[in-house]
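First comes the structure, then the notes that go with it.
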Amino acid sequence: MIESREWMSDAACRDVDTDIFYVTVEGTKAERAIAEQALDLANLICAACEVRSECLEYALVHHELGVWSGTTDRERKRIRSERRRLERSARLNERVGLC
């Protein structure tokens with residue numbers, strides 16, 4: 231499968247140090263505070279981005295780590311799980327003639 235990544239050139243984060251998108255909130259209180267500030271900055275950048283939906287879909291398909299489209303790995307895992315649940319429900323509804 232070949233997919234276009236042209237949207238990446240329009241991403242608000244294209245010229246930003248990517249380290250802020252891949253921090254772990256652990257360590258001392260001071261280290262956690264710095265990490266949380268980096269995540270807040272990453273989320274602000276994502277919030278102003280015009281290609282958030284493309285970014286989110288890319289991260290979901292490729293199981294990316296870090297902040298993508300203002301979402302964390304854990305949040306995207308929940309999104310994938312919910313989508314699978316909805317797909318199963320739709321297939322079941324089709325089988326029993328509800329759709």
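Note that the sequence shown ends on residue 329 in the numbering used here; no numbers are left out.
C-beta: ideal position from N, C-alpha, C; glycine also.
Sheet register partners of residue i (DSSP bridge)
{"i": "W298", "result": "T301"}
Burial state of residue i (16 or more Cβ within 10 Å)
{"i": "R306", "result": "buried"}
{"i": "V291", "result": "exposed"}
{"i": "V246", "result": "exposed"}
{"i": "V253", "result": "buried"}
{"i": "T286", "result": "Residue identity differs from the one stated: residue 286 is Leu in this sequence, not Thr. Buried, by the Cβ-count rule."}
{"i": "F269", "result": "Residue identity differs from the one stated: residue 269 is Leu in this sequence, not Phe. Per the 10 Å Cβ criterion, buried."}
Extent of the continuous alpha helix (DSSP H) run through residue i
{"i": "H292", "result": "282-292"}
{"i": "R262", "result": "259-277"}
8 Å contact criterion, which residue i and residue j should meet: CB distance rounded
{"i": "G296", "j": "F251", "result": "4 Å"}
{"i": "A242", "j": "C279", "result": "4 Å"}
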